[in-house]
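Visitor:
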Amino acid sequence: MSTDTRGRHTESIHCRSTLFSIGVWTILRIAKEASSQLPSRGLVSVEACINDVSFRTVLEPDGKGSHWLSVDKALQDSCGIQAGEAVELKLTPLTDWPEPEVPEDLEKALMLDPGVFALWKDITTLARWDWIRWIRSTQNRETCMRRIDAARDKMAKGERRPCCFNRNMCTEPEVSRSGVLLDPPKE
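Residue numbers for the sequence shown follow my numbering, beginning at 129 and rising by one.
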């Protein structure tokens with residue numbers, strides 16, 4: 129694939145998919161044939177288009193070799209879509225990454241040590257995504273806090289990425305089990 133001057137791949141991927149709900153989440157699973165054309169089985173930064181509404185997002189891996197994205201209420205309203213509807217989706221992979229939202233407890237822990245905070249700022253944006261995904265991939269608050277402590281300790285030793293972390297697994301515990309995105313509920 130070639131890229132343009134803004135870091136976008138010039139070839140777009142098209143697919144059709146149906147939105148579904150898991151709890152309060154509205155999910156759009158990327159068709160496996162389309163997902164296989166993406167540059168990674170892990171996170172992928174893309175420019176997406178649904179119903180002529182373009183937006184940038186990060187596709188999450190589903191743990192089965194494909195990808196998915198969360199479609200929040202604002203995006204549903206902008207696109208005029210809701211769970212249960214099929215949509216045409218256009219994806220253009222990007223080489224640049226948006227900064228991840230850093231959880232407040234992680235940010236506080238990083239700021240306790242100027243060296244760790246400096247390393248956090250020096251690592252790649254994708255590495256920051258990896259640390260955050262590893263830390264939050266559990267619903268257990270105590271485990272999350274232990275992972276924050278472990279991350280700070282590892283970064284203090286110069287480690288730039290979490291060890292032994294499968295980047296191809298789904299890390300949103302509210303919509304996955306054992307690293308795999310849940311299937312749509314049966315009707």
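Just so you know, even glycine gets a beta-carbon here, dropped at the ideal spot from N, CA and C.
Which runs of the alpha helix (DSSP H), 4 residues or longer, sit entirely within the region 201-261?
Guide: 201-207, 232-239, 242-250
Visitor: Buried or exposed for Met129, going by 16 or more other Cβ atoms inside 10 Å?
Guide: Counting from 1 along the sequence shown, the entry for residue 129 is found at position 1. Low confidence applies here, because Met129 scores a pLDDT of 45, under 50, leaving its location unreliable; read the following figure in that light. Burial call: exposed.
Visitor: I want to check one thing, is the minimum distance from the CB of Lys160 to the heavy atoms of the ligand MN below 8 Å?
Guide: Questions concerning the ligand MN fall outside what the structure shown contains, since it holds no ligand whatsoever.
Visitor: Leaving aside the five residues before and after Gln204 along the sequence, list all residues of the same chain whose C-beta is less than 7 Å from its C-beta, in chain order.
Guide: Along the sequence shown, one-based indexing puts residue 204 at 76. Thr154, Gln210.
Visitor: CB-CB under 7 Å to Pro228, same chain, minus the five flanking residues each way: which ones, in chain order?
Guide: Indexing the sequence shown from 1 puts residue 228 at position 100. Excluding sequence neighbours, Pro228 sits near Arg256, Trp257, Ile260.
Visitor: Less than 9 Å between the beta carbons of Glu188 and Ser182, yes or no?
Guide: Sequence index remark: in the sequence shown, residue 188 carries index 60 (1-based). Sequence index remark: in the sequence shown, residue 182 carries index 54 (1-based). Not closer than 9 Å, so no.
Visitor: Would you list the one or two residues that DSSP bridges to Ser149?
Guide: As a first step, residue 149 must be located in the sequence shown, where it is residue number 21. Looking at the DSSP assignment, Ser149 forms a beta bridge with Thr154.
Visitor: State buried or exposed for His142, treating a residue as buried only when at least 16 other CB atoms are found within 10 Å of its CB.
Guide: Here residue 142 refers to the residue found at position 14 when the sequence shown is read from its first residue. Exposed, since its Cβ has fewer than 16 Cβ neighbours within 10 Å.
Visitor: Leaving out five residues on either side along the sequence, give the residues of the same chain with a beta carbon under 8 Å from the beta carbon of Asn294.
Guide: Reading the sequence shown from its first residue, position 166 is the one you call residue 294. Closer than 8 Å at Cβ, skipping near neighbours: Gly307.
Visitor: Go to Glu175, then tell me how far its beta strand (DSSP E) extends in each direction, as first and last residue.
Guide: On the sequence shown, residue 175 is found 47 positions in, with the first residue counted as 1. From DSSP, the beta strand (DSSP E) with Glu175 extends over 172-178.
Visitor: Alpha carbon to alpha carbon, what distance is there between Arg157 and Pro242?
Guide: Position 114 of the sequence shown holds residue 242. Position 29 of the sequence shown holds residue 157. Each residue's Cα considered, the two are about 40 Å apart.
Visitor: Does the Cβ of Asp190 have 16 or more other Cβ atoms within 10 Å, making it buried, or fewer, making it exposed?
Guide: Position 62 of the sequence shown, counted from the first residue, corresponds to residue 190. Asp190 is buried by the Cβ-count criterion.
Visitor: What residues are listed by DSSP as bridge partners for Leu187?
Guide: Here residue 187 refers to the residue found at position 59 when the sequence shown is read from its first residue. Residue pairing by DSSP puts Leu187 in a beta bridge opposite Val172.
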